[in-house]
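S.K.:
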Amino acid sequence: MHTPGTIAHGALPQAAATLIARLRAGGPRVHCITNAVAQNFTANVLLAAGCVPSMTLSAEEIGPFVARSDALLVNLGTFDRERREATGIALDEAARARVPWVLDPVFVDRSPARASYARELMARGPKAVRLNHAEFAALSGAEPSRAAASGFAGGEAAVMGLSGPTDLVTDGSRVAEIGNGHPLMAKVTAMGCAASALVAAALAVEPDDAWRATCGALVIVGVAGEVAAASAQGPGSFAVAFLDALHNLDAPTVIARARVTE
Amino acid sequence: MHTPGTIAHGALPQAAATLIARLRAGGPRVHCITNAVAQNFTANVLLAAGCVPSMTLSAEEIGPFVARSDALLVNLGTFDRERREATGIALDEAARARVPWVLDPVFVDRSPARASYARELMARGPKAVRLNHAEFAALSGAEPSRAAASGFAGGEAAVMGLSGPTDLVTDGSRVAEIGNGHPLMAKVTAMGCAASALVAAALAVEPDDAWRATCGALVIVGVAGEVAAASAQGPGSFAVAFLDALHNLDAPTVIARARVTE
Amino acid sequence: MHTPGTIAHGALPQAAATLIARLRAGGPRVHCITNAVAQNFTANVLLAAGCVPSMTLSAEEIGPFVARSDALLVNLGTFDRERREATGIALDEAARARVPWVLDPVFVDRSPARASYARELMARGPKAVRLNHAEFAALSGAEPSRAAASGFAGGEAAVMGLSGPTDLVTDGSRVAEIGNGHPLMAKVTAMGCAASALVAAALAVEPDDAWRATCGALVIVGVAGEVAAASAQGPGSFAVAFLDALHNLDAPTVIARARVTE
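Chains A, B and C, in that order, are what the protein sequence lines are.
Start counting the first sequence at 14; every next residue gets the next number (the working numbering).
Start counting the second sequence at 14; every next residue gets the next number (the working numbering).
Start counting the third sequence at 14; every next residue gets the next number (the working numbering).
1. Thinking C-alpha only, which one of A:A51, A:S163, A:M173 is nearest G138 of chain A?
2. Quick check on this structure: which residue in A:E190, A:T69, A:A242 has the alpha carbon closest to the alpha carbon of W224 of chain A?
3. In this structure, how does DSSP classify T274 of chain C when only helix, strand and coil are distinguished?
4. What ranges does the beta strand (DSSP E) occupy inside the region 98 to 184 of chain B, keeping only unbroken runs of at least 3 residues that lie completely in it?
5. Kindly list the residues whose CB is nearer than 8 Å to the CB of V43 of chain A, restricted to its own chain and excluding five residues on each side of it in sequence; keep chain order.
6. From P118 of chain A to L89 of chain A, what does the alpha carbon distance come to, in whole angstroms?
7. Hey, is N53 of chain A's beta-carbon within less than 7 Å of any beta-carbon in chain C?
8. Mapping DSSP to helix, strand and coil, what is E95 of chain A?
9. Pull out every residue of the region 66 to 85 of chain B whose Cβ sits closer than 8 Å to any Cβ of chain A, in chain order.
10. Taking A241 of chain A as the reference, give the member of A:A61, A:V253, A:A24 with the closest Cα.
11. Can you tell me whether R84 of chain B is helix, strand or coil according to DSSP?
12. Where does E219 of chain A sit, in a helix, a strand or coil, going by DSSP?
13. At a Cβ cut of 9 Å, what residues of the region 252 to 265 of chain B count as close to chain A, listed as they run along the chain?
14. Would the beta-carbon of D122 of chain B fall within 7 Å of that of E148 of chain B?
15. So which residues of chain A does S250 of chain C contact, with C-beta pairs closer than 7 Å?
16. Helix, strand or coil for A245 of chain B per DSSP?
17. For C64 of chain B, does the three-state DSSP call read helix, strand or coil?
18. Below 8 Å between beta carbons is the criterion; list the residues of the region 123 to 151 of chain B that meet it against any residue of chain C, in chain order.
19. At least one CB of chain A closer than 7 Å to the CB of T56 of chain B: is that the case?
20. Below 8 Å, how does it come out for the region 25 to 34 of chain C and the region 260 to 272 of chain C: are there three or more Cβ pairs, yes or no?
21. What are the partner residues of E190 of chain C, as DSSP defines its beta bridges?
22. For the region 92 to 105 of chain C, list every residue whose C-beta sits within 8 Å of some C-beta in chain B, in sequence order.
23. If you compare alpha carbons, which of C:H195, C:R187, C:V201 is closest to G164 of chain C?
24. Tell whether a beta-carbon distance below 7 Å holds between G167 of chain C and N193 of chain C.
25. Run through DSSP, which three-state label would H44 of chain A get?
26. Between A10 of chain B and E98 of chain C, is the Cβ-Cβ spacing less than 7 Å?
27. Does any CB atom of chain A fall closer than 7 Å to the CB of G194 of chain C?
28. Output the boundary residues of the alpha helix (DSSP H) element that contains A30 of chain B.
29. Closer than 6 Å by C-beta to R272 of chain A: which residues in its own chain qualify, once you throw out the five before and the five after it? Chain order, please.
30. Please state if the CB of H195 of chain B and the CB of G238 of chain B are separated by a distance shorter than 7 Å.
31. Please compile the residues from chain B whose C-beta is within a distance smaller than 7 Å of the C-beta of A49 of chain A.
32. Counting only Cβ pairs nearer than 8 Å, list the residues of chain C close to V201 of chain B.
33. Quick one: does Q27 of chain B have its CB under 7 Å from some CB of chain C?
34. Leaving out five residues on either side along the sequence, give the residues of the same chain with a beta carbon under 6 Å from the beta carbon of L256 of chain C.
Here it is in structure tokens:
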């Protein structure tokens, strides 16, 4: 166990490196309920990490898709009636088939209807929730902090992955801080959505510890972002290089670059 | 005031350079009603220019999104019943909250239903309309020309941004011709949609003169296209380089390259 | 006529090279009914090959769009009620206006509802069907093989383009095997959808022989993939380079690289 504030040379960087290998070996099927802005990039991020994405939003067939998936992402970017119906069916099926799922409550700070819907979904038991500071404040009613995130995670019995200049990942008792990443990540649309999809993929291959899985996925995303930034000329070439970096990422690079404290 | 046909070394190139700085400083929120083909690229273009895009099309929440936006884009690429309902709500909210908006009447030359719907929207007071020659002819019933565009803009009390080998921008009394751009721009889907989104962003930070804002946005798009083409191998690398160029564009480059006559 | 297993230095590579020239000269309009994941990349692939894509899915206007198109793609990735209605209208119009169309029965192996819908569409007379091994097995009830593909194609009176490490293209009597392509193609989402869109475009400019058109389109896709892979660092730069390669592809490259036996 590490004192908070200490660099963990050990457990979490190694877990992130192991996660990469497990994703490539396992090729988990990840079904994504996400918005049209994010679908293409999210699918390409999952493919670059060795996963098999699917994306249908049709109520008539999402059940069989989820039943044959290893993890599910529910991203609120898609919010109309038909999509909510599909989401309900997907979550019923996920519960029945014990498919772990991640909630990404995109933009709940912008729309009361979204925030209220996100609270309903929280009650259905996501393994992890990935969100930014504004979204956290809108959902929890508290200013983002280690204590607030831990309290919220403990109360909801889900892992919170709170993204920001430093990412916080907590399950209520354990808290990790991840310092990886690059400012260009905020200049590519759907980067956060794609990170949530990787968290879902991580839950599929690391089913016993959602906190470790979430930490691993966010370390990988941050390290791939740093590697990509080294060769990028701007946000266009950065997004391209991010996919390349994710596809080529190896364990020594992950371990050498991981900046994670617990 | 410049004689028509004379290169304006002065006002408009400087306005375009100023616009870039204002977009980055202001980070305007731009809500886009646009089609799924265009959403991802449009969002990335706005991010590369320093803006904050949002894209929801849901009737239940588009009102609050528009109310908290600084500009709105209505692109007709999305045309089904649900989207028209969302567009109606968005325009009501834009009128109430005085959010300037741009109409992009995509492909009105291909479908009578679209053309008729576009005419309804014209009556709701867009600050600017950006369209190509075929779309102009379908909407106005006239062959595209300086005189026809000026007449149409004056009659509709909106700025017309008529794109082509040379872009024409007119508010009925003033006419600018912009010679910037590159043929590869026509080989990347949604390039025109993204240009319209930048016009919307420009209206947010240049609220007093929609003509100047539209000119500035189209100069920026054209110059970024030229910079991108210099390093591109084809349309794939061009689209990537376009985002990089937009992100890196500086005032001296804009002023040196602007080819605009008024 | 070539003995099966012999490299055809002649007819099919030349047909593929001719196809590229015809696409650029003709600029066929290709209307695509496809999913949001695939729309942007599919449009950019068609543009890179010299075609004019359109993508509306609205029942109210898809008829006029199809009537003014030279070919139609129906990709099952989009499956909700509204899209099925639009597909019905599009196929009525395609029959009336004799617009050739391609069926891409994406993921029919994952959902019984999709498989059953795909069988209905097969009965409406696609000129070509492009699908992978799992999709073929789900639709035909047979293990994928030359004999099974030929039998199925003959029975359905459509060309089958069965993709895999080696592509099989058959109209029931003729069978071609295409060895072009690169493993990175499977790491870019919508690559198969885009290939189907190019098959549709090929039918527009090679209306008398759907088998030859399908072979040509798949050779072009495979060769562009090989050219792209030569400069790619991973799946991100590969997708970009693929668009560049398609845009720049010339007849000598196609003829030199085509690996096709009939």
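Glycine included, each C-beta is placed from N, C-alpha and C at the ideal position.
M.R.: So, from the data block:
1. Position 125 of the first sequence, counting from 1, holds the residue named residue 138 of chain A. Ranking the options by Cα distance to G138 of chain A, first place goes to A:M173.
2. As a first step, residue 224 of chain A must be located in the first sequence, where it is residue number 211. Comparing Cα-Cα distances from W224 of chain A to each of A:E190, A:T69, A:A242, the minimum goes to A:E190.
3. Within the third sequence, the letter at position 261 stands for residue 274 of chain C. Correct three-state label for T274 of chain C: strand.
4. Runs found: 114 to 117, 141 to 145, 172 to 176, 180 to 183.
5. The sequence position of residue 43 of chain A within the first sequence is 30, counting from 1. Around V43 of chain A: L59, C64, V65, P66, S67, S82, D83, A84, L85, L86, A210, A213, A214, A217.
6. For the purposes of this step, residue 118 of chain A is identified with residue 105 of the first sequence, where counting begins at 1. For the purposes of this step, residue 89 of chain A is identified with residue 76 of the first sequence, where counting begins at 1. Answer to the nearest angstrom: the Cα atoms are 5 Å apart.
7. Reading the first sequence from its first residue, position 40 is the one you call residue 53 of chain A. Output row for N53 of chain A: interface = yes.
8. Your numbering for residue 95 of chain A matches position 82 in the first sequence. Helix at E95 of chain A.
9. P66, S67, M68, T69, L70, S71, A72, E73, E74, P77, F78, R81
10. To locate residue 241 of chain A, count along the first sequence from 1; it is residue 228. Closest by alpha carbon: A:V253.
11. Along the second sequence, one-based indexing puts residue 84 of chain B at 71. Here the sequence assigns Ala to residue 84 of chain B, which means Arg is not the residue at that position. A84 of chain B: strand per DSSP, three-state reduction.
12. Residue numbering aside, residue 219 of chain A sits at position 206 when the first sequence is read from its first letter. Reduced to three states, the DSSP call for E219 of chain A is coil.
13. A252, V253, A254, F255, L256, D257, A258, L259, H260, N261
14. Counted from its first residue, the second sequence places residue 122 of chain B at position 109. Counted from its first residue, the second sequence places residue 148 of chain B at position 135. Their beta carbons are under 7 Å apart, which means D122 of chain B touches E148 of chain B by this criterion.
15. The residue given as residue 250 of chain C occupies position 237 in the third sequence. Ordered by position in chain A, the residues that pass the 7 Å Cβ test against S250 of chain C are V253, D257.
16. As a working note, residue 245 of chain B is residue 232 in the second sequence. Reduced to three states, the DSSP call for A245 of chain B is coil.
17. One-based indexing of the second sequence puts residue 64 of chain B at position 51. In this structure, C64 of chain B counts as coil in the three-state DSSP scheme.
18. R123, S124, P125, A126, R127
19. The count along the second sequence starts at 1 and reaches residue 56 of chain B at position 43. Note that residue 56 of chain B corresponds to Ala in the displayed sequence, not to Thr. Interface residue, yes.
20. Counting Cβ pairs under 8 Å, three or more are found: they touch.
21. As a working mapping, residue 190 of chain C is identified with position 177 in the third sequence. DSSP, once it has assigned bridges, lists C:L181, C:T274 as partnering E190 of chain C.
22. Taking 8 Å as the upper bound on Cβ-Cβ separation, chain B lies near residues E95 of the region 92 to 105 of chain C.
23. If you number the third sequence from 1, residue 164 of chain C lands on position 151. Selected option, being the one with the closest Cα: C:R187.
24. The count along the third sequence starts at 1 and reaches residue 167 of chain C at position 154. The count along the third sequence starts at 1 and reaches residue 193 of chain C at position 180. No, the pair does not count as a contact, with Cβ atoms beyond the cut-off.
25. Translated into the one-based positions of the first sequence, residue 44 of chain A becomes position 31. Looking at H44 of chain A - three-state DSSP - the assignment turns out to be strand.
26. Residue 10 of chain B lies beyond the stretch modelled for chain B, which goes from 14 to 275, so this question has no answer here.
27. As a first step, residue 194 of chain C must be located in the third sequence, where it is residue number 181. No, its Cβ sits nowhere closer than 7 Å to a Cβ of chain A.
28. Along the second sequence, one-based indexing puts residue 30 of chain B at 17. Run containing A30 of chain B: 24 to 39, per the alpha helix (DSSP H) assignment.
29. Position 259 of the first sequence holds residue 272 of chain A. Answer for R272 of chain A: G192, N193, listed in chain order.
30. Position 225 of the second sequence, counting from 1, holds the residue named residue 238 of chain B. Position 182 of the second sequence, counting from 1, holds the residue named residue 195 of chain B. Result yes, Cβ atoms of G238 of chain B and H195 of chain B sit closer than 7 Å.
31. On the first sequence, position 36 is the one that residue 49 of chain A refers to. In chain order: A49, Q52.
32. In the second sequence, residue 201 of chain B corresponds to position 188, counting from 1. Ordered by position in chain C, the residues that pass the 8 Å Cβ test against V201 of chain B are N57, L60.
33. Counted from its first residue, the second sequence places residue 27 of chain B at position 14. By this cut-off, Q27 of chain B is not an interface position.
34. Looking up residue 256 of chain C in the third sequence gives position 243. If we look at L256 of chain C and ignore the five residues flanking it on each side, its Cβ neighbours are N57, A61.
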